[in-house]
Amino acid sequence: MSRDEGTYGYLGKLAAKGLTPYLDFYEMKPPMLFYFFGLGGIVFGFTDLGLRLFALLLNLCSCLLIYLILRRYIPNQYAAVSAALFSIFSLNPFAFGFSMVAEHIVNTLVLTSLYLLHRDYEQKGFLFAVLAGAAFSLAILTKQTAILFSPVILLFFILGRKNKPWLVQSLRFAGGVLIPVIILGIILIIHGAIHDAIYWLTAYPVTYASSIDPEEGKTYLRYFTRNISLFQISLFIVSVLLFFVSFIWIKKKPFHWMVAYVIMALLTIIPGFRFYGQYWLVLFVPLSMITGVVLYQFQVIKPKTGSIGLFILLALMAGEMFMHRDYYFSKGTPGEITNLYANNPFEQIRHLSKYAGNLMTDGETFMVFGSEPQAYLYADKVAPTRHVFMSMISKHDEKSNTFISETLHDLEQKQPTYVLFNFFIYSWTLTEKANDKLYNTSANYVINHYTPVAAYNMNTNSYLYAGDGQQIGSFNNQVVLFKRR
Numbered sequence: 201m202s203r204d205e206g207t208y209g210y211l212g213k214l215a216a217k218g219l220t221p222y223l224d225f226y227e228m229k230p231p232m233l234f235y236f237f238g239l240g241g242i243v244f245g246f247t248d249l250g251l252r253l254f255a256l257l258l259n260l261c262s263c264l265l266i267y268l269i270l271r272r273y274i275p276n277q278y279a280a281v282s283a284a285l286f287s288i289f290s291l292n293p294f295a296f297g298f299s300m301v302a303e304h305i306v307n308t309l310v311l312t313s314l315y316l317l318h319r320d321y322e323q324k325g326f327l328f329a330v331l332a333g334a335a336f337s338l339a340i341l342t343k344q345t346a347i348l349f350s351p352v353i354l355l356f357f358i359l360g361r362k363n364k365p366w367l368v369q370s371l372r373f374a375g376g377v378l379i380p381v382i383i384l385g386i387i388l389i390i391h392g393a394i395h396d397a398i399y400w401l402t403a404y405p406v407t408y409a410s411s412i413d414p415e416e417g418k419t420y421l422r423y424f425t426r427n428i429s430l431f432q433i434s435l436f437i438v439s440v441l442l443f444f445v446s447f448i449w450i451k452k453k454p455f456h457w458m459v460a461y462v463i464m465a466l467l468t469i470i471p472g473f474r475f476y477g478q479y480w481l482v483l484f485v486p487l488s489m490i491t492g493v494v495l496y497q498f499q500v501i502k503p504k505t506g507s508i509g510l511f512i513l514l515a516l517m518a519g520e521m522f523m524h525r526d527y528y529f530s531k532g533t534p535g536e537i538t539n540l541y542a543n544n545p546f547e548q549i550r551h552l553s554k555y556a557g558n559l560m561t562d563g564e565t566f567m568v569f570g571s572e573p574q575a576y577l578y579a580d581k582v583a584p585t586r587h588v589f590m591s592m593i594s595k596h597d598e599k600s601n602t603f604i605s606e607t608l609h610d611l612e613q614k615q616p617t618y619v620l621f622n623f624f625i626y627s628w629t630l631t632e633k634a635n636d637k638l639y640n641t642s643a644n645y646v647i648n649h650y651t652p653v654a655a656y657n658m659n660t661n662s663y664l665y666a667g668d669g670q671q672i673g674s675f676n677n678q679v680v681l682f683k684r685r
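Sequential numbering from 201 applies to the sequence shown in our numbering.
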């Protein structure tokens, strides 16, 4: 697991245990993200395999929904090819498509909303419109940027006003949107977590979004745009070209709302100027859909052209899978993922966490210092603190100082039996803007009160075990497992 995947997986486990978001644990994402990860973990397990199976299920659902929506406009074979194209796009390693990220959930929920709206226009009543609103609300309550797809829904209503009044439809949809919001709001109020929720969902994201300067943003944009597109270059060239071709038929169904869908998906990548790979996953849905619709339009103009286009697209998909067969089919860790994670010791953290889990008895406790909460999942332990992602609180502000004091207090008062300490500075994001008090104080306390048991040295790429007589010292650039003296 990467940091995001591990964080959401662990917080999902806490949500599944009945703990309250933003009070017992926190992140700057809306609460449904934790509950969906919790649901996935309950069904498939809070493990690497379990979370990936959940991601697979979500992607399969998205593929099915793409097919079901498109077959209302184009023949089945074109709808099926669009779904197949998305399935390949969605596994792009530089978009973290292989991992369980929030965008997989958002894609499925937004598509569910669109599918229900199509059903609503085919049947009498208002139930489907309300359910569509609820599904869209759940998408926003999973990740805030999903709200940017609202214009797509509104455009869909306005352009369909000949069949049903757009204002009435909008009100029914809005009623559905309010249902999950009200339910979650009541839960947070009952548990006294509403004040904390407001901070993590509004104040902190603003600070987070403004922490990247333009030059850093350009670097992220270049890196992810280049790597995401080059990995599946032929498919991206075809899809992007067909997207621009789609403007020829912009007034026809379903081009109007699909073009808007692509544009709004592009906008969801921009907030915070990080342009992270997983943000691009939401773009792959409308890009794949519009590709199939344009190919069918060619068939309308000249039947053989559409069939040839389908054949070429299928050949390109097969070619891309063959070119990257090591990524898609090998048992080992593909080079793309190794390059993507660079020096991050995610595999080593899993190894040491599982090692710690095997050493510990039921009554012994475990605490992680760094930004890899997945260690708690591997060790099958619950953190003795609500602060599990250290880089989030290593800031120079009043709130962060309070959180740092709470973390240090939990360490000193609860005295965890084992501590996994990541001395890899990137894990803490200790730049010139960061507050290094938590890192320095906790490192000093652990070194003085705990004994090294095992470690991974990133400089020598080797594991060390005190039980085998190996010396563990000079902790810099190591991940170290300590036991309290």
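All residues carry an ideal CB built from backbone N, CA and C; glycine is no exception.
Next on the checklist: I'd like to know whether the C-beta atoms of L552 and Y656 end up nearer to each other than 8 Å.
Outcome noted: yes
Checklist entry - Any heavy atom of the ligand ZN within a distance shorter than 7 Å of the CB on V680? => result Because no ligand of any kind appears in the structure shown, any question about the ligand ZN cannot be addressed here.
Item to check | Residues near L311 by beta carbon distance below 6 Å, same chain, minus five either side | outcome: Excluding positions up to five away in sequence, the list reads S262, L265.
Next on the checklist: Can you tell me whether P545 is buried or exposed? The criterion is at least 16 other CB atoms within 10 Å of its CB, across all chains shown.
Outcome noted: buried
Item to check | Member of W400, E520, I490 whose CA lies at the smallest distance from the CA of M592 | outcome: W400
Checklist entry - Would K343 pass as a contact of A302 if the rule is Cβ separation under 8 Å? => result yes
Next on the checklist: Is T617 close to chain D? Criterion is C-beta to C-beta, closer than 8 Å.
Outcome noted: Of the chains in the structure shown, none is chain D; there is only one protein chain.
Item to check | Separation of Q615 from T247, as counted between CA atoms | outcome: Here the alpha carbon of T247 sits roughly 27 Å from the alpha carbon of Q615.
Checklist entry - Going by C-alpha distance, which of L577, I512, I305, I470 is nearest R422? => result I470
Next on the checklist: Taking the beta carbon of D562 as the centre, do at least 16 other beta carbons fall within 10 Å, making it buried, or is it exposed?
Outcome noted: exposed
Checklist entry - Distance, Cα to Cα, M521 vs V459? => result Rounded to the nearest whole angstrom, the CA to CA distance from M521 to V459 is 28 Å.
Checklist entry - Roughly how far, in whole angstroms, is the beta-carbon of F336 from the beta-carbon of I353, given that I think they are within contact range, below 8 Å? => result Their Cβ separation, rounded to whole angstroms, is 7 Å, which keeps F336 and I353 in contact under 8 Å.
Item to check | Contact between the stretch 237-245 and the stretch 404-422 (3+ Cβ pairs under 8 Å) | outcome: Two segments are said to touch when three or more pairs of C-beta atoms, one from each, lie closer than 8 Å; by this definition the stretch 237-245 does not touch the stretch 404-422.
Checklist entry - Among residues of its own chain, excluding the 5 on either side of A295, which ones have a beta-carbon nearer than 7 Å to its beta-carbon? => result I428, G477, Q478, W480, L481
Next on the checklist: I need the DSSP call for F475, collapsed to helix, strand or coil.
Outcome noted: coil
Item to check | Within 8 Å, strictly: CB atoms of V588 and V619 | outcome: no
Item to check | For M567: DSSP bridge partner residues | outcome: V619
Item to check | Contacts around R474, its chain only, beta-carbon distance under 8 Å, and the 5 residues preceding and following it disregarded | outcome: When the five nearest sequence neighbours on each side are left out, the beta carbons in the same chain lying within less than 8 Å of the beta carbon of R474 are those of I412, G417, Y420, in order along the chain.
Next on the checklist: Let's test the definition: count the other Cβ atoms within 10 Å of the Cβ of H524 and tell me whether it reaches 16, buried, or not, exposed.
Outcome noted: buried
Checklist entry - If you run the structure through DSSP and keep just helix, strand and coil, what is Q432? => result coil
Checklist entry - Can you tell which of S605, N648, S662 has its C-alpha closest to the C-alpha of K637? => result S605
Checklist entry - Of the choices L309, L258, I274, Q277, whose alpha-carbon is the least far from that of S287? => result L258
Next on the checklist: Taking DSSP's pairing of strands, which residues face L338 in a bridge?
Outcome noted: Answer by DSSP bridge pairing: none, since L338 is not bridged.
Item to check | Cβ neighbours of A284 in the same chain (closer than 7 Å, five flanking residues each side left out) | outcome: M517
Checklist entry - Are the Cβ atoms of R372 and A329 separated by less than 8 Å? => result yes
Checklist entry - Does the count of Cβ pairs from the stretch 389-405 and the stretch 223-230 closer than 8 Å reach three? => result yes
Checklist entry - For V310, which of helix, strand or coil comes out of DSSP? => result helix
Next on the checklist: Please report the straight-line C-alpha distance between F447 and L338, rounded to a whole angstrom.
Outcome noted: 31 Å
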